[in-house]
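A.B. asks: Take this structure first; my questions come after.
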Amino acid sequence: FKTKLKVEHSLIFFKRYAKWYHWLTIPWCIAGLAAWFVLKELSKGNWGVILALLHGFARAPQKLQKRL
Numbered sequence: 007f008k009t010k011l012k013v014e015h016s017l018i019f020f021k022r023y024a025k026w027y028h029w030l031t032i033p034w035c036i037a038g039l040a041a042w043f044v045l046k047e048l049s050k051g052n053w054g055v056i057l058a059l060l061h062g063f064a065r066a067p068q069k070l071q072k073r074l
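In structure tokens:
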């Protein structure tokens with residue numbers, strides 16, 4: 007659940023505040039932080055984080071469309 011919210015809120019933040027030059031850097035930062043968080047959780051033995059991450063990525067575009 008926590009991972010899903012992190013992904014969704016990162017994408018919402020990007021949509022709200024991104025300038026033209028952020029389009030090149032923010033997606034890499036979000037992907038890097040998500041990968042770091044997943045690896046950290048996997049090292050703890052939390053395998054459910056992978057499904058939560060995929061679920062967050064699947065729902066984020068729908069939530070962004072609702073806010074338009």
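Numbers given in the working numbering equal positions in the sequence shown, counted from 1, plus 6. Each residue gets a CB set at the ideal place from its N, CA and C atoms; glycine is no exception. Every value quoted in this text rests on a predicted model; they were computed, and no experiment measured them.
1. Measure from the alpha carbon of Cys35 to the alpha carbon of each residue in Val13, Asn52, Gln68, Leu60, then state which is nearest.
2. Distance, Cα to Cα, Ala41 vs Gln71?
3. According to DSSP, simplified to helix, strand and coil, what is Gly51?
4. When you compare the CB positions of Thr9 and Phe63, do they come within less than 8 Å of one another, or not?
5. Can you tell me whether Ser16 is buried or exposed? The criterion is at least 16 other CB atoms within 10 Å of its CB, across all chains shown.
6. Label Leu30 either buried or exposed according to how many other C-beta atoms from any shown protein chain fall within 10 Å of its C-beta, with 16 as the threshold for buried.
C.D. replies: Quick answer:
1. Here residue 35 corresponds to residue number 29 of the sequence shown, with the count starting at 1. Of the listed residues, the one whose Cα sits closest to Cys35 is Val13.
2. As a working note, residue 41 is residue 35 in the sequence shown. As a working note, residue 71 is residue 65 in the sequence shown. The straight-line gap from Cα to Cα measures roughly 25 Å.
3. Residue 51 sits at position 45 when you count from the first residue of the sequence shown. Under the three-state reduction of DSSP output, Gly51 falls in the coil class, being neither helix nor strand.
4. Against the sequence shown, residue 9 aligns to sequence position 3. Against the sequence shown, residue 63 aligns to sequence position 57. It is not a contact, given that the beta carbons lie outside the stated cut-off.
5. To locate residue 16, count along the sequence shown from 1; it is residue 10. Buried, since its Cβ has 16 or more Cβ neighbours within 10 Å.
6. Counted from its first residue, the sequence shown places residue 30 at position 24. Its Cβ having fewer than 16 others within 10 Å, Leu30 is exposed.
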